[in-house]
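In the numbering used here, the protein residues as written are 3 to 308. In this text, a Cβ means the ideal position worked out from N, Cα and C, and glycines have one as well. Quick caveat, the model's predicted, so the values are computed rather than measured. Here is the structure we will look at.
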């Protein structure tokens with residue numbers, strides 16, 4: 003027992019946060035299979051149901067060393083002073099945001115959500131910023147002063163829609179589908195992110211104090227993602243069981259999933275993302291790449307130039 007305690011104390015602690023959703027299965031499997039432990043890393047995972055906005059706060063407060071956040075949310079928060087950097091993309095495929103209303107709201111189509119109130123978890127969260135993306139795609143506008151209702155998380159959104167305190171809510175499509183199947187939410191449509199949806203973000207403190215530890219963490223996670231993607235049948239069964247999804251929905255989600263697998267951040271792609279965020283007024287200027295990304299991981303992909 004003493005030997006086990008000594009071995010644990012010799013490992014380097016890394017506090018990691020992410021949403022309690024299927025995207026992060028690769029992290030959990032790496033931990034459960036002892037892959038971090040083999041590299042001398044003691045991962046302390048924290049489920050963050052409040053999403054990217056809550057993770058941004060935890061990074062700011064020093065409660066997390068690494069977070070798996072939505073790309074748009076972390077870029078906006080870094081530019082607002084969050085002492086962190088994107089160290090790689092985690093999921094390259096877009097996030098499919100479902101657009102929902104309460105079953106008794108009387109709203110039956112996207113045409114009817116113009117001027118309605120959006121439930122959002124936090125400001126600069128995905129549910130907040132994607133509302134602007136969705137409004138632009140529909141040719142609608144949102145008043146940032148009056149059209150948002152803070153609800154904290156999914157449970158808060160369910161209460162707000164049921165009480166008619168908010169009219170519309172956007173969240174990841176597959177994790178929200180059980181609420182549609184049970185007749186609590188009405189599905190109105192979907193809106194895809196026009197960029198890789200999830201990024202791995204590290205605090206500047208961790209980057210500066212132990213970049214080698216950071217590299218080891220990324221190596222383990224990327225290997226776990228690679229392994230998971232090539233175990234499709236087993237993976238979809240695990241997703242369905244662990245996250246209470248129908249097997250058909252888990253299979254459909256998994257078929258659309260594209261993990262990143264690499265620490266390299268494509269500079270041309272990142273510039274395109276920043277320009278898109280600026281066009282949506284999610285950010286008010288185009289920052290230097292080093293302002294939002296970990297510099298040594300930036301790479302020019304010539305395929306994106308020619």
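- For residue 58, no beta strand (DSSP E) encloses it; the enclosing alpha helix (DSSP H) starts and ends at 54 to 63.
- For the pair residue 198 and residue 54, the CB atoms are not nearer than the 8 angstroms cut-off.
- Under the three-state reduction of DSSP output, residue 197 falls in the coil class, being neither helix nor strand.
- Nearest C-alpha to residue 297 among 142, 90, 103: 90.
- If you draw a 10 Å sphere on the C-beta of residue 70, you find 16 or more other C-beta atoms in it, and that means buried.
- Taking all protein chains in view, the Cβ of residue 165 is surrounded by fewer than 16 other Cβ atoms within 10 Å, so the residue is classified as exposed.
- Contact check for residue 204 and residue 68: beta-carbon distance about 5 angstroms, within the 8 angstroms limit, so the pair qualifies.
- Per the coordinates, the alpha-carbon of residue 92 lies some 22 angstroms from the alpha-carbon of residue 14.
- Along the length of the segment 237 to 263, whole alpha helix (DSSP H) runs at least 4 residues long occupy 249 to 258, reported in chain order.
- Ranked by Cα distance from residue 303, the options 275, 266, 116, 276 are led by 266.
- Residue ranges of uninterrupted alpha helix (DSSP H) with 4 or more members, entirely inside the segment 123 to 148 and ordered along the chain, are 128 to 140.
- The three-state secondary structure of residue 160, taken from DSSP, is helix.
- Pairing residue 206 with residue 86 gives a Cβ-Cβ distance under 8 angstroms.
- Checking the DSSP bridge columns, you'll see residue 44 partnered with 15.
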